[in-house]
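Mapping of the sequence shown onto UniProt numbering: residues 1 to 163, in sequence order. What follows is a short report on a single structure.
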Amino acid sequence: MIDRIDRRILSILQEDSTVPVAEIGRRVGLSTTPCWRRIQKMEEDGVITRRVAVLDPKKVNAKVTAFVAITTNQHTDDWLRKFADVIREFPEVVEFYRMAGQVDYLLRVAVPDIDAYDDFYKRLIAKVDIADVSTTFAMEQIKYTTELPLSYIIAEKPKANMS
């Protein structure tokens, strides 16, 4: 279970994963070793799955965001496995979801321009049978975060300092 100190640690790491453990400990009221143990435990438990750098899409020439809604008449496990394998081949696909509702799958695709999207689209439909593809392009990013809300964590009583 995650207590309020763990929640504060997670909040700091979500904002900036490069903050030194000693500084995180200072902010949450722990010395370095117990703070590091808590972080290690959350990594072992899969709460923290990885630490990454968030890049500016414009500076890496991936400034066009396309949301690709896919419907299919194929609903077998084999087709889904093949489709997922195909999608993994495309670095342009930065998010991939199986959906409920009228759309079966939703992709977020990052490319330099419309021509690059068209190339992606042609390569995609050549590799997998899709009933319908509908693409919308983002005109402006108004909010973007990688930070998950932590207020939904079921609180437990504070842990001992784990020294």
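For each residue, glycine too, the CB sits at the ideal point set by N, CA and C.
Alpha helix (DSSP H) segment containing E43, residue limits: Unbroken alpha helix (DSSP H) run through E43: 32-44.
Residues of its chain near Q14, where Cβ-Cβ distance is below 6 Å and the 5 sequence neighbours each way are ignored: Taking C-beta separations shorter than 6 Å and ignoring five residues to either side along the sequence, the partners of Q14 in its chain run E147, following chain order.
For R108, the first and last residue of its enclosing alpha helix (DSSP H): Secondary structure note for R108: it is in no alpha helix (DSSP H), and the uninterrupted beta strand (DSSP E) holding it is 105-111.
Euclidean distance between Cα positions of D119 and A62: 14 Å
Proximity below 9 Å, CB of A110 to CB of T65: yes
Reference P149; option with closest CA among S11, P91, M1: S11
Where V93 sits in the DSSP three-state scheme: strand
D129 (DSSP reduced to helix, strand or coil): Of the three classes helix, strand and coil, the one that applies to D129 here is coil, per DSSP.
Selected residue, minimal CA-CA separation from D56, among T76, Y144, I154: Y144
Closest residue to R123 among D6, I142, F83 (Cα-Cα distance): F83
Own chain partners of Q102 with C-beta closer than 8 Å, once the 5 adjacent residues on each side are dropped: T71
According to DSSP, residues forming a beta bridge with R50: Per DSSP, none; premise fails for R50.
Cα-Cα separation, A100 to V60: 33 Å
Span of the alpha helix (DSSP H) around A66: Counting along the chain, A66 falls outside any alpha helix (DSSP H), though it belongs to the beta strand (DSSP E) covering 64-71.
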